[in-house]
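The sequence shown begins at 2 in our numbering and counts up by one.
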Amino acid sequence: MRLILLGPPGVGKGTQAKILVEQLGIPQLSTGDILRSAIAAKTPMGLAAKQVMDRGDLVSDDIVNGIVSERIDQADCAKGFILDGFPRTTPQADALGAMLEQKGLKLNAVIEITANADTLVSRVANRAKETGGIRADDNADVVRKRLDVYRELTEPLVSYYRDKGLLKTVDGMAPVEQVTAAIRHALDT
Ligand code: AMP
2 MRLILLGPPG VGKGTQAKIL VEQLGIPQLS TGDILRSAIA AKTPMGLAAK QVMDRGDLVS
62 DDIVNGIVSE RIDQADCAKG FILDGFPRTT PQADALGAML EQKGLKLNAV IEITANADTL
122 VSRVANRAKE TGGIRADDNA DVVRKRLDVY RELTEPLVSY YRDKGLLKTV DGMAPVEQVT
182 AAIRHALDT
C-alpha cells in the first residue's frame, strides 16, 4: 500500500501516519523528520535547510525529491509506505509520479485530511508547548506563514490528485481514533 497523507500543518498527518504504521505494517516517510535529523546531525543538507525551515518556507524540490527517491529504495519500503509531508508542490508531485513509474510502482491513494485554520494555529502552538518548543517552526507567526505556503503551493495538489481519481477526503476535526477509522474506511483496509 502506497499512500500520501495531504493536509495543512497541524492537521494530524504525523499522528495518523504513526498509527497507520502500526496498523498497516508499512513505514512512515516524513520529509520533515528526515530534514530535522539532518539538522541535528549538522550535515551539509541540514545546515542548508535549517534557515528555510525556521522561516516556514519550503526546502528546494531537488533536495526533498532526492530524499524521497533514496528512501523508497530501502528494503523496508518494499511493501509500501506512507508519505507524510511530501509532495508539497506540483513539481514534487510530478517528480514523485516519474520516480514511481521508473521504479515500476503505483500510488494507491491520497488521503486529504481537512481542518479549519484557527484550530490549526492553536494545535501547533500546543505542540510547541508539549515538546518544549523543540521545533523552531512551531511559533504562531511561522505557523501562519506555513499555512499560507500550504494554501498557495500545496493545496493545488488536492485537485491534482482528484483528477487522477486517487483523492479521498477525511475530516481531521474528529477525534484521533475516528480520523483513523475514516482513513481505513476510505482505503478499504
Ligand atoms: P513538516 O514536518 O512536514 O511540517 O515539515 C517541516 C518543514 O520542513 C516544512 O515547513 C518545510 O520547511 C520542510 N519540508 C518538509 N517537507 C517538505 C517538502 N516536501 N518540500 C519542501 N519542504 C519541506
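Where is the CB? At the ideal position from N, CA and C, for every residue including glycine.
On a predicted model such as this, the values are computed, not experimentally measured, just so you know.
With distances taken from CA atoms, which of the options is nearest residue i?
i, options, result
"Ile-27", "Thr-132, Gly-57, Leu-4, Pro-157", "Leu-4"
"Leu-25", "Val-69, Asp-95, Phe-82", "Phe-82"
"Thr-16", "Gln-179, Val-69, Lys-43, Pro-88", "Gln-179"
"Val-159", "Asp-55, Thr-190, Pro-88, Leu-30", "Pro-88"
"Arg-56", "Val-143, Glu-156, Tyr-162", "Val-143"
"Asp-62", "Ile-35, Asp-34, Ala-94, Asp-139", "Ala-94"
"Ser-70", "Ala-79, Leu-101, Lys-80", "Leu-101"
"Leu-59", "Arg-185, Arg-163, Arg-147", "Arg-147"
To the nearest angstrom, how far is the alpha carbon of residue i from that of residue j?
i, j, result
"Thr-90", "Asp-149", "13 angstroms"
"Lys-130", "Leu-168", "33 angstroms"
"Ile-112", "Lys-165", "13 angstroms"
"Arg-72", "Thr-32", "10 angstroms"
"Ala-96", "Gln-103", "10 angstroms"
"Gln-75", "Ile-40", "22 angstroms"
"Arg-145", "Arg-124", "12 angstroms"
"Pro-92", "Asn-66", "9 angstroms"
"Leu-187", "Ala-110", "Checking the sequence shown, residue 187 turns out to be Ala, not Leu. Computed Cα separation, rounded: 9 angstroms."
"Arg-37", "Ala-99", "26 angstroms"
"Ile-68", "Met-54", "16 angstroms"
"Ile-195", "Thr-190", "Residue 195 lies beyond the stretch modelled for the chain, which goes from 2 to 190, so this question has no answer here."
"Gln-52", "Thr-181", "34 angstroms"
"Arg-128", "Pro-157", "26 angstroms"
"Leu-35", "Lys-43", "Checking the sequence, you will find Ile at residue 35 rather than Leu. Each residue's Cα considered, the two are about 12 angstroms apart."
"Val-177", "Leu-106", "30 angstroms"
"Leu-108", "Asp-119", "32 angstroms"
"Glu-23", "Ala-79", "16 angstroms"
Suppose the cutoff is 8 angstroms on Cβ atoms and the five residues either side in sequence are ignored; what does the same chain contact list for residue i look like?
i, result
"Asn-117", "Met-174"
"Ala-183", "Val-171, Asp-172, Ala-175"
"Thr-115", "Gly-8, Val-12, Thr-170, Val-171, Asp-172, Gly-173, Met-174"
"Tyr-161", "Thr-91, Ala-94"
Would you say residue i touches the ligand AMP, meaning its beta carbon is less than 7 angstroms from a heavy atom?
i, result
"Gln-93", "yes"
"Leu-59", "yes"
"Leu-88", "The question names Leu, but residue 88 is Pro in the sequence shown. Yes, the Cβ of Pro-88 comes within 7 angstroms of a heavy atom of the ligand AMP."
"Leu-36", "yes"
"Thr-115", "no"
"Thr-32", "yes"
"Pro-28", "no"
"Pro-176", "no"
"Met-54", "yes"
What residues in its chain sit with their C-beta under 6 angstroms from that of residue i, if we drop five residues either side in the sequence?
i, result
"Leu-121", "Pro-9, Gly-11"
"Leu-30", "Arg-72, Phe-82, Leu-84"
"Leu-21", "Ile-83"
Counting only the same chain and skipping the five closest in sequence on each side, list residues whose C-beta sits under 7 angstroms from that of residue i.
i, result
"Ala-141", "Val-122, Ala-126"
"Asp-77", "Pro-28"
"Thr-132", "none"
Do three or more CB pairs link the region 3 to 22 to the region 69 to 86 at distances below 8 angstroms?
-> Yes, the region 3 to 22 touches the region 69 to 86.
Is the region 140 to 155 touching the region 40 to 48 in the sense that three or more CB pairs, one from each, lie closer than 8 angstroms?
-> Cβ pair count under 8 angstroms is below three, so no.
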